[in-house]
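For the sequence shown, counting from 1, position 25 maps to 24 in numbering that gives the first Met the number 0; every step adds exactly one.
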Amino acid sequence: MSIQAFPYKRALVTGGGGFVGSHLVEELLNLDVEVICLDNFSAGKKKNLSTFDTHPLLTVVKSDVTDFDHMSRFFKDVDVVFTRRYPKIPSV
Ligand SMILES: NC(=O)c1ccc[n+]([C@@H]2O[C@H](COP(=O)([O-])OP(=O)(O)OC[C@H]3O[C@@H](n4cnc5c(N)ncnc54)[C@H](O)[C@@H]3O)[C@@H](O)[C@H]2O)c1
Numbered sequence: 000m001s002i003q004a005f006p007y008k009r010a011l012v013t014g015g016g017g018f019v020g021s022h023l024v025e026e027l028l029n030l031d032v033e034v035i036c037l038d039n040f041s042a043g044k045k046k047n048l049s050t051f052d053t054h055p056l057l058t059v060v061k062s063d064v065t066d067f068d069h070m071s072r073f074f075k076d077v078d079v080v081f082t083r084r085y086p087k088i089p090s091v
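In structure tokens form, the structure reads like this:
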């Protein structure tokens, strides 16, 4: 995908420390998208992000998707949110 085809500048990725999420984060950074990676690291590992965790466009936040008070601030000013189904959390 060329950067012209991806219209968003700031993205939030929940579960960004996981297998799928970390690859998505990497692809977004390659498109020069500013990424907030939110993960509770219950299953994901920070080492999944280790090759780009000092990238200037990446912010990694330890947070749980059920903690709305903490998480909601990271939704401000993002253009797009990538999330996934959380089978253990029926409402998410
Ligand atoms: N090919 C491979 O090398 C490989 C390696 C690992 C996994 N896989 C496959 O990938 C699939 C799973 O990948 P995935 O990325 O969907 O799962 P994952 O478990 O890797 O990622 C889910 C992420 O969501 C996070 N998370 C879970 N609950 C959360 C919550 N309440 N709040 C915030 N974050 C939360 C976890 O910590 C984790 O980082 C499976 O099919 C698995 O078999 C393949």
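For each residue, glycine too, the CB sits at the ideal point set by N, CA and C.
Return the Cβ separation of V64 and L11 in integer angstroms, given the expectation that the two are a contact with Cβ distance under 8 Å. Incorrect: roughly 11 Å between the Cβ atoms, too far for contact.
For L37 versus L57, is the C-beta distance shorter than 8 Å? No. Outside cutoff.
Sequence-distant residues of its chain with Cβ nearer than 6 Å to G15 (five each side left out): V24, C36, D38
Given this structure, state the Cα-to-Cα distance separating T13 from S62, to the nearest angstrom. 9 Å
So, Y7 versus V34, is the Cβ gap smaller than 8 Å? no
Whole-angstrom distance between H54 and K87, CA atom to CA atom: 32 Å
For A10, verify whether its CB is less than 7 Å away from any heavy atom of ligand 1. no
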